[in-house]
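Written below as C-alpha cells is the structure these notes are about.
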Amino acid sequence: MSSDSGTKRVRVAIIGAGAVSDYHHVPALRMDPRAELAAVCDADEGLLAKRKGDWGVELASTDPIALCASDAIDAVIIATPNFTHHPIATAAARGGKHVMCEKPLGLNAHEVREMYEAARDANVVHMTAFTYRFAPSMRYLRHLLKSGALGTPRHFRSQRFLDWPETSWGWRQYKDKAGAGDLFDMTIHRIDFALDLLGPLARVCGAVARFAPRTTTPDGRACAQSDVDDWSCLIGEFASGATGVWEGTTLAKGYGRNGFGHEWAEINGSEGSAVYRLHEPNTILLGKTGSDLAPVPVPSEFLKPADSPRDPSQGEPATVFRYDLVWEFISAIAEGRPAVPSFYDGLNAQLIADSVLESYEKRTWIETPLAKP
Ligand SMILES: NC(=O)c1ccc[n+]([C@@H]2O[C@H](COP(=O)([O-])OP(=O)(O)OC[C@H]3O[C@@H](n4cnc5c(N)ncnc54)[C@H](O)[C@@H]3O)[C@@H](O)[C@H]2O)c1
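As numbered in our numbering, residues 18 to 390 make up the sequence shown, in order.
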C-alpha cells in the first residue's frame, strides 16, 4: 500500500488496457480516494504508451506475469481477452495480489476452479466483474425479493437483445480465445444474477446458435470465420422449485437503444412481479394482481453503495453504476472481507454456462449442483 498524507492507498495495476478498462475501471479508480492506479500492462506496446500518457501512470509493462510478482502493487484488475485470464489470475494470487477479473473468468469451469482455488488458498480478495449485480434496479429488485415483498418466487425471466454489427469481433469470435460467444459474453451475467437472486439451479437445458459468419473486419479486411454462438438460451429449474428462462442475442435488429440494447429481467412471485431494465437502471417496474406493472423510482439507498463518493445524479445512468464494482473490490481489501461477487460465484456461473453447451451437444438436461467451496 502507498502512503499519501498518512493514508494507505491500495496500489492497483490494470492488466489489459482496452475498452472495458478505459470505460469502467479507470474512471472508477479515479473516484476512489482509497485506491491508486499504480501500473498499467498491455501486450500492445502502442496502446500501452498511449494509456501511460492518458492515464498518467508511471509503471508500464507488457509482461503481466512479471507485474504480478512486483512489490510495487497490491492488487490487479484483469481485463484481457478470456483465454489469458487463467495464467494471469493464478500468477496474481500466487504473488499475493488481490485480484478482480473480468467475466467469464476462464474458458471453462476446469480453468475457473483452478483460479478460484489459487485465490482462496493465497488468502487474497478475489472478485468476478459481474457488472449488472450493481445496477440500482437490480439491487432494489434483490431487496424486494429477499425481504419477501414479492412472495414466493416462481418464475425468473431474462432477455438480453443487442443490435450489434455483423463484422468481425476480433478475439471474441473464436472459441480458443473466448470460450463461447453470446453465452460467455452476455448470458453468463444473467446466469450469475439469477443464482444470486434465487439460489442454486438444480438442472438446465440449453441451446446456442451462430448466424453471422463475421469474415470481414470493420475496415473491410478478410478474417477467419467465427466459431462461437451469437444467440444463446437456457431453461432451468432452481433447487427451490422456481423456473427460469434466459435468451440472449447480438443480432436483434432494431434493439440498438444507443448501444445499451434491450435488457429485461423479472421475477414473478406469488405476491407480485418486479422488473429490472438496463436502459432505465434507476427505475423498477412493479405490479401485482389488480394493478399492472408500473414504474417506481429506486429508493436513494439503492442508487450506489453506502459511503461511495459517487453522485448518482451525475453521468449516464446505464454507465455510472459500473464504477461500483471497483468500489466493492477496494472496500473488501480495505475492510479485510471477501468481495461480492467472488471467484466462487464466477465458478458457479461458469458451471451453468458450460452445462448449456453440454446440454445442447447431448440434446439433454444437465444436473447442475453448486461447486464445492
Ligand atoms: N463486465 C463487463 O460488463 C464487461 C464489459 C466488456 C468486457 N468485459 C470483459 O473484459 C475483458 C476485456 O474486454 P475488452 O472489451 O476490454 O477487450 P479489448 O480487446 O478492448 O481489450 C483487451 C486488451 O488486452 C490486451 N491483451 C491481450 N492479451 C494480453 C496479455 N496477455 N497481457 C496483457 N494485455 C493483453 C489487448 O492488447 C487489449 O488492449 C474480456 O474478458 C471481456 O469479456 C466485461
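By construction, the Cβ of each residue, glycine as well, lies at the ideal position given by its N, Cα and C atoms.
Query: Burial state of A323, where buried means 16 or more other Cβ atoms lie within 10 Å; Result: exposed
Query: Reduced DSSP secondary structure (H/G/I, E/B, other) of E384; Result: strand
Query: Complete runs of the beta strand (DSSP E) confined to the stretch 264-341 [at least 3 residues]; Result: 279-286, 290-294, 300-305, 308-314
Query: Close beta carbons around F178, own chain, < 7 Å, minus the five adjacent residues each side; Result: T266, A269, Y272, G278, H279
Query: Length of the line joining the Cα atoms of R380 and I301; Result: 37 Å
Query: Limits of the alpha helix (DSSP H) - the one that L214 falls within; Result: 205-215
Query: Status (buried if at least 16 other CB within 10 Å, exposed otherwise) for P153; Result: buried
Query: For I90, the three-state DSSP class (helix, strand or coil); Result: coil
Query: Any non-hydrogen atom of ligand 1 within 8 Å of A146 CB; Result: yes
Query: For T233: DSSP bridge partner residues; Result: A239
Query: Contact check, G198 vs V262, beta carbons under 9 Å; Result: no
Query: Sequence-distant residues of its chain with Cβ nearer than 6 Å to G289 (five each side left out); Result: L167, K305
Query: Where D466 falls: helix, strand or coil (DSSP); Result: Lying before the first or after the last residue shown, residue 466 is absent from the chain, which here runs from 18 to 390.
Query: Cβ-based neighbour list, R171, same chain, cut-off 6 Å, excluding 5 preceding and 5 following; Result: A259, N285
Query: A219 beta carbon less than 9 Å from that of S175; Result: no
Query: Under the three-state DSSP convention, the category F147 falls into; Result: coil
Query: A56 vs A89 beta-carbon contact at 9 Å; Result: yes
Query: Rounded straight-line distance, which links the Cα of S287 to that of T169; Result: 5 Å
Query: Given W72 as reference, the closest of H42, T184, A110 once Cα atoms are compared; Result: H42
Query: Alpha helix (DSSP H) segment containing P81, residue limits; Result: 81-85
Query: Rounded separation between P235 and W186 - CA only; Result: 9 Å
Query: Close Cβ partners of N110 (< 8 Å) along its chain, the five nearest in sequence each way excluded; Result: The amino acid occupying residue 110 in the given sequence is Ala; Asn does not appear at that position. So the list reads V116, M132, A135, A136, D138, A139, V141, H143, once near-sequence residues are dropped.
Query: Sequence ranges, beta strand (DSSP E) only - wholly within the stretch 127-201, length at least 3; Result: 143-146, 170-178
Query: The stretch 335-355 / the stretch 146-160 touching (three or more Cβ pairs under 8 Å); Result: yes
Query: Extent of the continuous alpha helix (DSSP H) to which S38 belongs; Result: Here S38 belongs to no alpha helix (DSSP H), and DSSP marks it neither H nor E.
Query: G363: CB within 8 Å of a non-hydrogen atom of ligand 1; Result: no
Query: Start-to-end residues for the alpha helix (DSSP H) that takes in L364; Result: 360-379
Query: Closer than 8 Å: N99 CB and nearest ligand 1 heavy atom; Result: yes
Query: Secondary structure, beta strand (DSSP E): runs of 3+ residues fully inside the stretch 103-129; Result: 115-119
Query: L76: CB within 8 Å of a non-hydrogen atom of ligand 1; Result: no
Query: Distance cut-off 8 Å: P81 Cβ against heavy atoms of ligand 1; Result: yes
Query: Distance cut-off 8 Å: A226 Cβ against heavy atoms of ligand 1; Result: no
Query: Close beta carbons around Q242, own chain, < 6 Å, minus the five adjacent residues each side; Result: P230, T232
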